[in-house]
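First to last, the sequence lines map onto chains A and B.
As numbered in full-length UniProt numbering, residues 1 to 769 make up the first sequence, in order.
As numbered in full-length UniProt numbering, residues 1 to 769 make up the second sequence, in order.
Don't be surprised by glycine CBs; every beta carbon is placed ideally from N, CA and C.
None of these values were measured; they are calculated from a predicted model.
2 protein chains.
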Amino acid sequence: MNQNYIQPDNWSIIEEGFDPESVKSSESLFSIGNGAMGQRANFEENYTGATFQGSYIAGVYYPDKTRVGWWKNGYPEYFAKVLNAPNWIGIKVTINDEVLDLNACKKVEEFRRELNMKEGWYERTFTTTLQNDIQIEVASKRFLSLDIDEVGAIAYSIKPINNNATIKYLPYLDAGIENEDTNWEEKFWETIQIKAAGNQAFIVAKTLKTDFHACTFMQTELKLDGESLHLPTNVSEKSTEIAFHYSQEVNPNETFTIYKYGGYTVCSNHNKNELIAAAKKALQNATSLGFDTLLQNQKEAWAKIWEMADITIEGDVKAQQGIRFNIFQLNQTYLGKDSRLNIGPKGFTGEKYGGSTYWDTEAYCIPFYMTTKDQQVARNLLQYRYNHLEKAIENAEKLGFNNGAALYPMVTMNGEECHNEWEITFEEIHRNGAIAFAIFNYTRYTGDYSYIPEMGLEVMIGIARFWHQRATFSTAKDKYVILGVTGPNEYENNVNNNWYTNYIAQWCIKFAQENIQKVKQEYASDYERIMQKVRLSDQEISSWMEVAENMYFPRSEEYGVYLQQDGFLDKDLVSVADLDQKQRPINQKWSWDRILRSPYIKQADTLQGFYFFEDHFTTQELEKHFDFYEPFTVHESSLSPCVHSIQAAKLDKMDMAYTFYLRTSRLDLDDYNKEVEEGLHITSMAGTWMSIVEGFGGMRIKNDTLSFEPRIPWQWKGYSFKVNFRNHILKINVTHDGTTFELEKGNDLVILVDGIKVAVTPNNLVTVS
Amino acid sequence: MNQNYIQPDNWSIIEEGFDPESVKSSESLFSIGNGAMGQRANFEENYTGATFQGSYIAGVYYPDKTRVGWWKNGYPEYFAKVLNAPNWIGIKVTINDEVLDLNACKKVEEFRRELNMKEGWYERTFTTTLQNDIQIEVASKRFLSLDIDEVGAIAYSIKPINNNATIKYLPYLDAGIENEDTNWEEKFWETIQIKAAGNQAFIVAKTLKTDFHACTFMQTELKLDGESLHLPTNVSEKSTEIAFHYSQEVNPNETFTIYKYGGYTVCSNHNKNELIAAAKKALQNATSLGFDTLLQNQKEAWAKIWEMADITIEGDVKAQQGIRFNIFQLNQTYLGKDSRLNIGPKGFTGEKYGGSTYWDTEAYCIPFYMTTKDQQVARNLLQYRYNHLEKAIENAEKLGFNNGAALYPMVTMNGEECHNEWEITFEEIHRNGAIAFAIFNYTRYTGDYSYIPEMGLEVMIGIARFWHQRATFSTAKDKYVILGVTGPNEYENNVNNNWYTNYIAQWCIKFAQENIQKVKQEYASDYERIMQKVRLSDQEISSWMEVAENMYFPRSEEYGVYLQQDGFLDKDLVSVADLDQKQRPINQKWSWDRILRSPYIKQADTLQGFYFFEDHFTTQELEKHFDFYEPFTVHESSLSPCVHSIQAAKLDKMDMAYTFYLRTSRLDLDDYNKEVEEGLHITSMAGTWMSIVEGFGGMRIKNDTLSFEPRIPWQWKGYSFKVNFRNHILKINVTHDGTTFELEKGNDLVILVDGIKVAVTPNNLVTVS
């Protein structure tokens, strides 16, 4: 790990003491979001030190021109950039006309941040002495409302300590913001209208090219020692900014507070010309409740989320803090309310990666949402891809495929491919497999087969057609091969016969074929409708099956393992343990060509296949592959340690499983990858959740039955989690003495525990030891 | 071929008739250059139609910021861009105050361009009727002086036909030019000083970042019907431009002529603060001779070049025109006078590719210059790489190599890597092999071994060290493999065991080892000096040899051929002939991933190895490989058809050899690759020369003896060429009746003709039939 300043706490993320070096890191870690918007933990007052400003609106993006030396056919036309949105949290503060700026104060003491995950708020307090020797106490608390998700609220207070002082608050809106990450240093926003009315202000701005219109708004209230204060609202306006000016003489130990309500109304939810009206309504809803009631509602809303999603860990505060941080951030990013949205790799905490949707959603996030929310949430995520099927077919056509073959994008906002990374992303066609797998995974877990005849089958057919066309018959091997791909391990590029890709391609075809038969037999009218649309003949299905049944898989008989790709054994097979530690992380120390020819694996690749298809292999086979590949895995992708943690637990390598668990759960808190400043790794947080539920808990579905093989790290006293399985809510509590199962909702349920059938009945706590 | 408007002519490139669609193509084809500068055939007068303006100064470049999605270690820091230089040819013309602009005239008749290759000038004539109904005849002739290579001259005349007219000439200098090709739309030049003095004007400008200072200058003279005319010189100046204004009332059939002398003086040849003085001196030298004498000198200088370099072809005007166009353009680009310069892929005819030096120099250009010039020219080209050895070692260090391993850049201006094409160029390490091969080729041909102890051995040691470190021992194969490369065929990327690369790597090590022994024995003091510097032990050499002697070569026993790379036979081996012609060229019709997994070969790859090392293989082996690879070769690189032409001739496939010869020699004239607008393919023109001398002429060196196996296409009556072999100038004349050898310079020479020894003596024409 590379940092260690976050205070261990079961429910909060806490920083104590002011360190300018940690500001950008903490801005990421203390980020808040409510599914509709989010923001980095930037200071409200001015700050001239190093900072990374960020405020984001879900679904609002900019199609940045891509950067490439020489364009080639098939490259995406744009890179969808997560947009830094207009700022509404800003409050410029002056104390006797000196600007409050923590980078310029004489002293900063008792600086403390807390992100209270249980209740969903962020607080910052400090005492500071300005250059003018005025000493003040500052407290700021803010949250983004889960209930009224267009609104956030801030309570910002200053108390002079050693002298009276003229305190000026200049709350402002600023639409003149820029992205840190821009390919061509362009501006993304254009201001359309600025308006003030009483203690309310509005800026309507639109994104260039994508033409998203958003109204950024604010309303202010003032109090002095808890009593409402009515000062005149002086307004100043610039071309992209509007500010209110309030000035108050404050005595020592009096507290001058400004409440600022703000947020966004966006054209995806309102008419473009009604954004200010919508903003007024949102403000009316929020301010009529007031800060305290809004906050109380916030606590209750989060309590509801935690009720289902919480995982407790006893006897290991850092592990407990880690898992809650992961669950909290996932829920801050995506709540499943809006089926047009998805889960971006950095959520609302940074700009990196762009796009909102990667294969991460299907491979990592769906299990989390499927298990901790109503199954409709996971269904929405599946439907998101169904809605993009036409675009996936167009994308495949651009690359030379036909007949309805679908290639889903690696990175997308609206179904179009929009990545920015030719050398890696371009050939990662394996993503298509995860999208089909998620359909399988969803129906397996929820038992809701209806998704397949309604929507899923069309997706599966498009994907099967793609794999069929993408495979090449090798006369030399007398098998079908898949040439020129990049597997999940992005430290390889343009390899032949990546085992994971070939395996999932074969599986996709078989899965499609099986379901075509099933739908034909059981959902005749859906079958008719679909066949009308896709024009699929038995002959075509046979040609798919010819490919699937004759797929080539690289294998080493010597090692008894499938090979990650053709030629893997030609590499210089020095294990990571034998690599000079000064060479790590290799993505920062080594040239790209050296990484490519090395055996080092960025993230689970062959093992990702063993994770998805564990029941296709024996535990001995899993162990063989784990023991072969783990020593070459550098885990320089956030998506890697969780899979290894799950498999290590399965293989009873509990110390390893625990180490990987810490690495995945505290990846950002302890900054393992030296990049937390850029934002959090949101999607891999679902992997953390899996590493407990599927790893230590050993949760699987076996023949329609929920099964567990509970294990517990010796470092813990116990842990518990809940799952929503086919409308049963089951709480699992694991200790060294045994495991208890409690059915909180639903009818009698038969589960498997370590292979033994156990009946769980409402109100009847079952203990297995 | 894609165009057919160039008139066949033995000595000139001729266009007749005005077609706005062909302007950009002709601007490339009629380009002129003198080794020190060059320019596209842009019109002197204004032109509002589609045009690609270009004027270039040898060795002046701009380090453009590279464009890449996400940066990776080892990527070049900049892309050296060929710079469009300030324009000195411009003459704005008005006729009765109407601007002369061929895009706006009522009629353009008798439009004709001629590039006279024999004499080295470019002429354009036309008759036009303006919107004001004035009809005029215009004639413009210009050339860039070979003798005074900082100067060019233009004679521009207008004769009114149907009426008298006020003709205004506004000759100007313009430093406000931009590149068409810029990664970030930046300006590259900054104007420092503008100065007029009498009929002379000067603009000193410097390139941003690289700080090249150049003075662009002009001087004018006027004549009316051949009589000097002294009009007042009115001057107008803008921030980056200066113009003279001359106005004259001209009667019908009177000719009003402006002579414009212009060019560049550059800080690489003069002190920065003496550029204007140097320009004045250059102008003085030129104008004291006057246009006609300068032109006479130009004819004589070109006659001298042709005397040695010409290749005649009888009975096939298009073939004759093609080869002369290639020889002419090569000599316009590089004359071997300045050892700091090299041969850019587009010479002075366009901006594409950037950089001045590719492996093209060693693989294609050196044989041409070595054979048609004094051997010092080829030695200069070799020394260019010796001068860059330290940079090549630094470049290798950036990629993780050590101990003096040298990796030469794929694209360079000053020894630093500066390419712009990650997906292809990054792994083309085979370039290192061509650089060593050129040393071998030079010593083999010239007999000048002294280059090796003086400079070449150090280069060879650096290269051998690179290959030794770059190879990986594969336990699985019990051989050394070279992983993750791109061979000469740029339609593959990141392949393992590219046969060409592995073969040349092995050869480089053996060649270095042999020469270390030879220098040790025969050049003891050089050996001592070198060993002092490179610290090379016998043990290290042994470890090199271990790699060389155990190198792995992919091979198919079934086909009896070496495989281009591991896994080549897994591809869908449909020959180019069976490919739908609508899919061609695949680099314009197919997506990049589809190209990568196809079997199609952009340019000779395995066959490039057979070209370099022909004497390592039997003719039967060559034929087997030619027959295997040629059917998959799409020749979408300009460097491809020449090699296939040479090998087809060797294999007596004369029709094929002839077709490839036309394709290489008329690549630009007939625009085979649909891109001549962007500039000419200069370096491949040396390949055209090789396809006659080495292809049809069958010239080789066998055991220090010059040998020929002459063949003649049935389409030709005869052809002749000259070679400078070890200070013998030998003229070879091939007809269907036999071949004559004439020694124009040098002592008695024994050569091999079709394997039979033939003695050639001065003044004794030897005929072999």
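Reference Glu221/A; option with closest CA among Asp181/A, Asp211/A and Ser288/A: Here residue 221/A refers to the residue found at position 221 of the first sequence. Residue Ser288/A is the option with its Cα nearest to Glu221/A.
Classify Ser356/A as helix, strand or coil using the three-state DSSP reduction. One-based indexing of the first sequence puts residue 356/A at position 356. Coil, per DSSP.
Within 7 Å, strictly: CB atoms of Gly487/B and Glu421/A: Translated into the one-based positions of the second sequence, residue 487/B becomes position 487. Translated into the one-based positions of the first sequence, residue 421/A becomes position 421. Result no, Cβ atoms of Gly487/B and Glu421/A do not sit closer than 7 Å.
Using only CA atoms, which one of Asn724/B, Val750/B, Arg663/B and Glu675/B lies nearest to Asn703/B? Taking the first residue of the second sequence as position 1, residue 703/B is located at position 703. Comparing Cα positions, the closest option is Val750/B.
Can you tell which of Arg324/A, Thr333/A and Ile148/A has its C-alpha closest to the C-alpha of Leu295/A? Along the first sequence, one-based indexing puts residue 295/A at 295. Of the candidates Arg324/A, Thr333/A and Ile148/A, the one whose C-alpha sits nearest the C-alpha of Leu295/A is Ile148/A.
Answer yes or no: does any C-beta atom of chain B fall closer than 7 Å to that of Trp306/A? For the purposes of this step, residue 306/A is taken as the residue at position 306 of the first sequence. Closer than 7 Å: no.
Applying the 10 Å Cβ sphere with the 16-neighbour rule, what's the burial state of Trp306/B? The count along the second sequence starts at 1 and reaches residue 306/B at position 306. When all chains shown are included, Trp306/B counts as buried.
Pick from Ile158/B, Pro252/B and Glu123/B: whose alpha carbon is nearest that of Arg113/B? One-based indexing of the second sequence puts residue 113/B at position 113. Ranking the options by Cα distance to Arg113/B, first place goes to Glu123/B.
When you compare only the Cα positions, how much space is there between Leu662/A and Leu381/B? Here residue 662/A is taken as the residue at index 662 of the first sequence, counted from 1. Here residue 381/B is taken as the residue at index 381 of the second sequence, counted from 1. Just so you know, the alpha carbons of Leu662/A and Leu381/B end up roughly 59 Å apart.
Name, in chain order, the residues that DSSP records as bridge partners for Trp189/A. For this step, residue 189/A is matched to residue 189 along the first sequence. Paired residues: Thr207/A.
According to DSSP, is Asn727/A part of a helix, a strand, or is it coil? Stepping through the first sequence from its first residue, residue 727/A is reached at position 727. Three-state result, Asn727/A: coil.
Would the beta-carbon of Gln564/A fall within 7 Å of that of Asp605/A? As a position in the first sequence, residue 564/A is number 564, starting the count at 1. As a position in the first sequence, residue 605/A is number 605, starting the count at 1. Cβ distance < 7 Å, so Gln564/A and Asp605/A count as in contact.
Distance cutoff 7 Å, beta carbons only. Does Phe433/A sit that close to anything in chain B? In the first sequence, residue 433/A corresponds to position 433, counting from 1. In the sequence under discussion, the amino acid at residue 433/A is Gly, which differs from the Phe named in the question. Chain B, which has no Cβ nearer than 7 Å to the Cβ of Gly433/A, makes this no.
Is the distance from the Cβ of Trp499/A to the Cβ of Pro554/A below 7 Å? What you label residue 499/A is simply residue 499 of the first sequence in a count that begins at 1. What you label residue 554/A is simply residue 554 of the first sequence in a count that begins at 1. Contact: yes.
With distances taken Cα to Cα, identify the nearest neighbour of Ile439/A among His468/A, Met370/A, Trp467/A and Asn395/A. As a position in the first sequence, residue 439/A is number 439, starting the count at 1. That would be Met370/A, whose Cα lies nearest to the Cα of Ile439/A.
At least one CB of chain B closer than 7 Å to the CB of Lys72/A: is that the case? The residue you call residue 72/A lines up with position 72 of the first sequence. Interface flag for Lys72/A against chain B is set, since a Cβ pair is found closer than 7 Å.
Identity of the residue in Asp211/A, Lys518/A and Tyr503/A nearest Glu549/A by Cα: For the purposes of this step, residue 549/A is taken as residue 549 along the first sequence, with counting starting at 1. When each option's Cα is compared against that of Glu549/A, the closest is Tyr503/A.
Quick check: the Cα distance between Glu21/A and Ala50/A, rounded to an integer number of angstroms? Looking up residue 21/A in the first sequence gives position 21. Looking up residue 50/A in the first sequence gives position 50. Approximately 8 Å between the Cα atoms of the pair.
Consider the Cβ of Ser591/A: report whether some Cβ of chain B lies at a distance smaller than 7 Å. Here residue 591/A corresponds to residue number 591 of the first sequence, with the count starting at 1. By this cut-off, Ser591/A is an interface position.
Buried or exposed: where does residue 800/A fall if 16 or more other Cβ atoms within 10 Å of its Cβ makes it buried? Chain A is shown only over 1 to 769; residue 800/A falls outside these bounds and no answer can be derived.
Strictly below 7 Å CB to CB, what residues from chain A border Arg594/B? For the purposes of this step, residue 594/B is taken as the residue at position 594 of the second sequence. The contacting residues are Leu399 and Gly400.
Tell me, please, which residues DSSP counts as bridged to Cys215/A. If you number the first sequence from 1, residue 215/A lands on position 215. Bridge partners of Cys215/A: Val204/A and Thr265/A.
So with CB distances below 7 Å, who are the chain B contacts of Asn496/A? Residue mapping note: residue 496/A aligns to position 496 of the first sequence, counting from 1. Simply Gly567 and Asp570.
Are the region 235 to 242 of chain A and the region 270 to 285 of chain A touching by the rule of at least three beta carbon pairs closer than 8 Å? no
Ile343/B versus Gly33/B, His625/B, Asn164/B and Asn183/B, residue with shortest Cα-Cα distance: Taking the second sequence and counting its residues from 1, one reaches residue 343/B at position 343. For the residues Gly33/B, His625/B, Asn164/B and Asn183/B, the minimum Cα distance to Ile343/B belongs to Gly33/B.
Between the CA atoms of Glu45/B and Ile158/B - distance to the nearest angstrom: Against the second sequence, residue 158/B aligns to sequence position 158. Against the second sequence, residue 45/B aligns to sequence position 45. Computed Cα separation, rounded: 12 Å.
Considering only C-alpha positions, which residue in the set Met117/A, Gln135/A and Ala85/A is nearest to Glu109/A? The residue labelled residue 109/A in the question sits at position 109 within the first sequence. Closest by alpha carbon: Gln135/A.
If we cut at 7 Å on Cβ distances, does Asn673/B have a partner in chain A? Start at 1 with the first residue of the second sequence, and residue 673/B comes out as number 673. Judged by the 7 Å Cβ criterion, Asn673/B is not in contact with chain A.
By a C-beta neighbour count over all protein chains shown, 10 Å radius and 16 as the cutoff for buried, is Gln608/B buried or exposed? Taking the second sequence and counting its residues from 1, the one referred to as residue 608/B is at position 608. Gln608/B is buried by the Cβ-count criterion.
Between the CA atoms of Pro345/B and Thr66/B - distance to the nearest angstrom: Mapped onto the second sequence, residue 66/B falls at position 66. Mapped onto the second sequence, residue 345/B falls at position 345. Spanning the two alpha carbons is a distance of roughly 19 Å.
Arg431/A - containing alpha helix (DSSP H), residue span: Counting from 1 along the first sequence, the entry for residue 431/A is found at position 431. Arg431/A -> alpha helix (DSSP H) spans Arg431 to Thr446.
Can you look up Tyr246/A in the DSSP assignment and give me helix, strand or coil? Within the first sequence, the letter at position 246 stands for residue 246/A. Strand, per DSSP.
Rounded to a whole number of angstroms, what is the C-alpha to C-alpha distance between Pro453/B and Phe610/A? If you number the second sequence from 1, residue 453/B lands on position 453. If you number the first sequence from 1, residue 610/A lands on position 610. Distance between the alpha carbons of Pro453/B and Phe610/A: 59 Å.
Helix, strand or coil for Asn395/A? Go by DSSP, reduced to three states. If you number the first sequence from 1, residue 395/A lands on position 395. In the structure shown, Asn395/A sits in a helix (DSSP, three-state: H, G or I).
Assign Phe721/A to one of three DSSP states: helix, strand, or coil. For the purposes of this step, residue 721/A is taken as residue 721 along the first sequence, with counting starting at 1. Strand, per DSSP.
So the beta strand (DSSP E) Asp593/A belongs to, where does it begin and stop? Numbered from its first residue, the first sequence carries residue 593/A at position 593. No beta strand (DSSP E) holds Asp593/A; the alpha helix (DSSP H) holding it covers Trp592 to Arg597.
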